[in-house]
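Down below is the structure, laid out as structure tokens.
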Amino acid sequence: MLSVINNAYLRKAQQHPKYSYAHQKLLFILLTEKKYYTKDELICIADYKLNKLNKIINELEEIGLVKQEGWLVKITGEEELQQKICEEIITNKKRY
């Protein structure tokens, strides 16, 4: 079962025109422990092809979901997504 924040990340990633299952796998790994991972630890997601991994990371970075610092990759934007979720909840409560 997905948490609300994990689901928000997934929905935002699905907005990218080149979204694929590999994007989903990368997000779930990064969301699991919320720490930095090296690209060596993540390369299995991209069938052990560094160019493919870099492409996936860059696409997720374009939409503000991950951040890379050299060989390290980390999830980002969690506070923004939490704020958006809270705003949606408040808006929905006001309607009812």
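The sequence shown maps to residues 51 to 146 in my numbering.
Note that the Cβ used here is the ideal one computed from N, Cα and C, for glycine as well.
Span separating the alpha-carbon of residue i from that of residue j
| i | j | result |
| --- | --- | --- |
| K144 | N104 | 43 Å |
| Y71 | G120 | 24 Å |
| I79 | T141 | 31 Å |
| E138 | Q65 | 18 Å |
| N85 | V123 | Sequence check: residue 85 is Lys here, not Asn. So the alpha carbons of these two residues sit roughly 8 Å apart. |
| D97 | N56 | 24 Å |
| K89 | Q133 | 29 Å |
| E111 | A63 | 10 Å |
Chain-order list of residues whose beta-carbon lies under 7 Å from that of residue i (same chain, five-residue window excluded)
| i | result |
| --- | --- |
| Y59 | L77, L81, L115, L131 |
| K68 | E109 |
| V54 | I135 |
| G127 | G114, L115 |
| E149 | This structure cannot speak to residue 149, because the chain is shown only from 51 to 146. |
Residues that residue i bridges to, as DSSP identifies them
| i | result |
| --- | --- |
| Y87 | V123 |
| K143 | According to DSSP, K143 bridges with nothing at all. |
| K68 | Looking at the DSSP assignment, K68 forms no beta bridge with any residue, so it has no partner. |
| K117 | K124 |
8 Å contact criterion, which residue i and residue j should meet: CB distance rounded
| i | j | result |
| --- | --- | --- |
| H73 | I106 | 6 Å |
| I95 | K75 | 5 Å |
Contacting residues, own chain, Cβ-Cβ under 6 Å from residue i (five flanking each side not counted)
| i | result |
| --- | --- |
| Y87 | V123 |
Sequence-distant residues of its chain with Cβ nearer than 8 Å to residue i (five each side left out)
| i | result |
| --- | --- |
| C99 | Note that residue 99 is Lys in the sequence shown here, rather than Cys. Once the five neighbours on either side are set aside, the close Cβ partners of K99 are I93. |
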